[in-house]
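Taken in sequence, the protein lines are chains A and B.
Read in order, the letters of the first sequence are residues 30 to 313 in the working numbering.
Read in order, the letters of the second sequence are residues 55 to 360 in the working numbering.
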Amino acid sequence: MPEPGITHCTLGEALIHQIARTIEDGIVAFHGFGSPLVQMALHLAKRTHAPRLALVAGATYGVNPTPPFLAPTSNDWVMSQGAECHLSIEELFDLAASGWLGRMFLSGLQIDPYGNLNASRLGRERLALKLPGGGGGCNLAADAGRVTIWTAAHRAPPDGKGRRRFRLVETCDFVTSLGHRSADGRTRAQLGHLGRGPDWIVTELGVFDFDESGRARLAARYPDVTVDEIRENTGFAFAVRPDLAVASLPAPDAVSFIRGLDPLRVHERELRPEDRTRRFEVKG
Amino acid sequence: MFVEPDKRVDLPGLVAHVREGDCVAIGGGLSSREPMAVLRELIRQGAGGLKLVGSAHGIDVDLLCGAGLVAECGESYVGFEQDFGMAPNYRRACESGRVAARDSCCYTLVQQLRAAIMGLPFLPLRSVRGTDFMDLHPEYKTMTCPYSGEELLLAPALRPDVAILHVQYGDARGNLRIEGPPVADILFARASRKVIATVERLVPGEQLAEMGVTIHYFYVTALAEAPGGAHPTACYPFYAYDRGHTAEYYRWAAAGAEPFRAGYLKPYVNDCPTQAAYLEAIGGPTAMERLASWQAGAEAWSALYA
Chain A
30 MPEPGITHCT
40 LGEALIHQIA
50 RTIEDGIVAF
60 HGFGSPLVQM
70 ALHLAKRTHA
80 PRLALVAGAT
90 YGVNPTPPFL
100 APTSNDWVMS
110 QGAECHLSIE
120 ELFDLAASGW
130 LGRMFLSGLQ
140 IDPYGNLNAS
150 RLGRERLALK
160 LPGGGGGCNL
170 AADAGRVTIW
180 TAAHRAPPDG
190 KGRRRFRLVE
200 TCDFVTSLGH
210 RSADGRTRAQ
220 LGHLGRGPDW
230 IVTELGVFDF
240 DESGRARLAA
250 RYPDVTVDEI
260 RENTGFAFAV
270 RPDLAVASLP
280 APDAVSFIRG
290 LDPLRVHERE
300 LRPEDRTRRF
310 EVKG
Chain B
55 MFVEPDKRVD
65 LPGLVAHVRE
75 GDCVAIGGGL
85 SSREPMAVLR
95 ELIRQGAGGL
105 KLVGSAHGID
115 VDLLCGAGLV
125 AECGESYVGF
135 EQDFGMAPNY
145 RRACESGRVA
155 ARDSCCYTLV
165 QQLRAAIMGL
175 PFLPLRSVRG
185 TDFMDLHPEY
195 KTMTCPYSGE
205 ELLLAPALRP
215 DVAILHVQYG
225 DARGNLRIEG
235 PPVADILFAR
245 ASRKVIATVE
255 RLVPGEQLAE
265 MGVTIHYFYV
275 TALAEAPGGA
285 HPTACYPFYA
295 YDRGHTAEYY
305 RWAAAGAEPF
315 RAGYLKPYVN
325 DCPTQAAYLE
335 AIGGPTAMER
345 LASWQAGAEA
355 WSALYA
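Here it is as structure tokens:
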């Protein structure tokens with residue numbers, strides 16, 4: 030039952046709702062590690078519009094778990110409590126390689142307009158910043174039926190010298206996982222990958238889909254963000270859908286479910302401090 | 055195959071199986087079942103120049119990088135997830151060039167290990183093509199499939215010199231039982247030339263057989279009992295992830311290479327000649343009892359992470 034009197038949601042809750050909306054009922058979907066917004070979104074989707082979702086938890090490989098709360102790290106027995114069964118690492122990736130994984134969720138420090146992601150390094154010739162790495166993203170981006178890309182750090186405020194370090198960039202310094210075309214211009218079809226590539230980029234400023242050429246296109250903005258603001262904070266030119274929407278927000282009972290599952294507010298660790306205070310009015 | 059009836063050794067005897075320059079597969083994953091006691095002993099003994107391979111890791115790889123034992127790193131991820139973020143020692147080591155960053159991906163690693171397990175020179179994949187991993191790994195090749203005509207990636211067999219595991223139960227012969235996610239441990243054990251393991255509890259062989267064996271004794275070179283051997287990562291059901299100790303580790307690692315040596319390596323690794331001394335240093339039985347309190351229910355469990 031919803032807590033009485035939920036009138037507003039946080040940005041984190043709105044992001045969880047937006048990611049959950051990309052998840053189809055009846056598919057096998059997997060969340061990786063280090064992605065509490067996605068973990069929450071899969072549980073929310075299964076609890077709402079996708080009850081037949083086969084939810085595979087990242088790191089534990091538990092299937093359809095019912096964790097009592099969200100743990101701060103993903104390979105914790107908390108996250109596989111109540112699981113109906115467990116996959117092994119090879120079974121999960123074999124499922125993807127043979128075309129059975131419906132959707133995967135990936136992010137990176139750089140995202141280009143074709144949905145290529147960099148989770149490996151900044152600096153092309155010289156290694157300027159070593160990132161943690163992409164886990165299984167390189168494999169799953171090619172093999173999963175669809176990919177939802179997300180980031181809670183789209184905004185790129187100028188530094189003291191007026192320069193912006195974009196999260197959404199024209200070109201990635203390193204391609205960890207493939208979007209719709211490789212750096213040398215080959216398409217997924219030419220490469221013969223099974224998956225159809227990313228269809229959504231969910232950020233804290235808006236939501237993009239992809240046009241026929243595989244380029245990101247703005248589909249929705251949050252109520253407190255303008256299209257101009259999104260352009261300023263994006264390192265590549267993008268088209269805006271003629272039916273540009275204001276991003277939908279979670280229902281009060283969805284907000285209540287999120288708060289119940291994540292009492293430690295682990296998902297807010299993905300958000301920047303200034304975004305943790307954003308609030309949106311929700312309607313029952 | 056390793057068929058000696060009694061493979062029990064102490065920690066120094068265990069790490070004597072790791073040689074300078076070895077390719078090492080560390081078991082466990084992220085904040086769970088990392089063989090930390092073995093890694094601390096390895097640092098005290100000092101076999102360096104290691105080439106690490108694995109999937110998703112954190113404090114284990116970061117600790118070895120901070121101690122200067124790593125020459126090359128081929129993991130798919132090294133970090134502290136959203137809990138603390140990037141791995142400071144790993145980053146410094148890669149960015150300074152002391153560690154060659156040779157990142158891998160989970161399925162590529164799985165296929166390479168399975169090729170070794172099957173005695174094949176390689177296994178194919180469709181993925182990876184179209185990414186920059188192709189340049190990072192010149193050993194990956196492509197071929198046109200003689201059956202389907204499609205282009206495939208070939209990843210060569212990977213046979214680590216030694217796999218280092220920490221599991222819940224084992225017997226004197228080296229049978230091992232893992233509870234919860236095995237991550238890549240079973241693949242590592244089957245693919246590696248040697249397997250060294252610590253266990254929370256040594257139990258009689260008949261008891262282990264009844265509980266169920268995860269890794270057969272003939273893969274295992276030597277093992278030692280090391281209660282608390284995964285700390286500060288979790289080894290359920292015995293203890294949960296020690297978030298407080300990990301936060302302390304992270305503060306020292308983030309402060310720089312020298313502060314990390316003085317503030318973390320000295321008190322918790324070099325000044326602790328044994329695992330028992332380490333357990334005293336981290337707070338003795340009270341600390342471990344607190345981490346076992348997750349069993350009291352969700353409220354006690356989440357309180358450990360608040």
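Cβ atoms here follow ideal geometry from the backbone N, Cα and C, with glycine treated the same way.
Keep in mind that this is a model prediction, so the values were computed, not measured.
Check, Outcome
"Which residues, in order along the region 133–144 of chain A, keep a beta-carbon less than 7 Å from a beta-carbon of chain B?", "none"
"Along the chain, where does the alpha helix (DSSP H) containing P281(A) start, and where does it finish?", "P281 to L290"
"Does S242(A) come within less than 8 Å of chain B when only Cβ atoms are used?", "no"
"What's the gap between the Cα of L345(B) and the Cα of V275(A)?", "46 Å"
"From E264(B), V274(B) and G259(B), pick the residue whose C-alpha is nearest to that of R244(B); which is it?", "V274(B)"
"So is H78(A) in contact with chain B if we call contact Cβ pairs under 8 Å?", "no"
"Given that a residue counts as buried once 16 or more other Cβ atoms are within 10 Å of its Cβ, and exposed if not, what is R81(A)?", "exposed"
"By Cβ distance below 8 Å, which residues in the same chain neighbour F98(A) in space, the five residues on each side in sequence not counted?", "V107, L290, D291, P292 and L293"
"Using DSSP with H/G/I as helix, E/B as strand and the rest coil, what is Q99(B)?", "helix"
"Using the beta-carbon count (16 or more within 10 Å), is A284(B) buried or exposed?", "buried"
"Could you tell me which chain A residues have their CB closer than 7 Å to the CB of V164(B), listed as they occur along the chain?", "I118, E119 and F122"
"Look at E42(A) and I230(A) and say whether their C-beta atoms are less than 8 Å apart.", "no"
"Step through the CB atoms of chain B and report whether any lies within less than 8 Å of the CB of T205(A).", "yes"
"Using a cut-off of 7 Å between C-beta atoms, extract the partners of C167(A) located in chain B.", "C159, S181, V182, T185 and F187"
"How about L138(A) and I178(A): are their beta carbons less than 8 Å apart?", "no"
"If you compare alpha carbons, which of H209(A), V92(A) and R260(A) is closest to E241(A)?", "H209(A)"
"Please report the distance separating the alpha-carbon of E58(B) from that of R227(B).", "7 Å"
"Beta carbons nearer than 8 Å to chain A: which residues of the region 223–234 of chain B have them?", "G234"
"Are there 16 or more other CB atoms within 10 angstroms of the CB of E254(B), so buried, or fewer, so exposed?", "buried"
"Using C-beta distances below 8 Å, list every residue in its chain close to D114(B), excluding the 5 sequence neighbours before and after it, in chain order.", "I80, G82, E88, P89, M90, L93 and T287"
"What residues of chain A sit near E205(B), judged by a beta carbon separation below 8 Å?", "L220 and G221"
"Leaving out five residues on either side along the sequence, give the residues of the same chain with a beta carbon under 7 Å from the beta carbon of F272(B).", "M55, F56 and V57"
"To the nearest angstrom, report how far apart A248(A) and T268(B) are at their CA atoms.", "49 Å"
"Based on Cα-Cα distance, which residue from A74(A), D238(A), L220(A) and H222(A) lies nearest to A283(A)?", "A74(A)"
"Looking at the structure shown, is C127(B) part of a helix, part of a strand, or coil, going by DSSP?", "strand"
"Is K75(A) close to chain B, meaning its C-beta is less than 8 Å from at least one C-beta of that chain?", "no"
"Going by DSSP in three states, E204(B) sits in which element: helix, strand or coil?", "coil"
"Is G174(A) buried or exposed, if buried means 16 or more other CB atoms sit within 10 Å of its CB?", "buried"
"What residues from chain A crowd round G120(B), counting only those whose CB sits closer than 7 Å?", "Ordered by position in chain A, no residue passes the 7 Å Cβ test against G120(B), which lies about 14 Å from the chain."
"For E129(B) and K312(A), I'd like the C-alpha separation in whole angstroms.", "46 Å"
"Quick one: is P142(A) buried, meaning 16 or more other Cβ sit within 10 Å of its Cβ, or exposed?", "buried"
"For G317(B) and Y303(B), what's the separation of their Cα atoms in angstroms?", "9 Å"
"Out of A181(A), G165(A), C167(A) and H222(A), which one is the CA nearest neighbour of T136(B)?", "Sequence check: residue 136(B) is Gln here, not Thr. Comparing Cα positions, the closest option is A181(A)."
"Out of V254(A), A268(A), L234(A) and P96(A), state which residue places its alpha-carbon closest to the alpha-carbon of R246(A).", "A268(A)"
"Against C148(B), what residues of chain A qualify as contacts under a CB-to-CB distance less than 7 Å, listed in chain order?", "L156 and K159"
"With a threshold of 8 Å between beta-carbons, can P292(A) be considered close to chain B, or not?", "yes"
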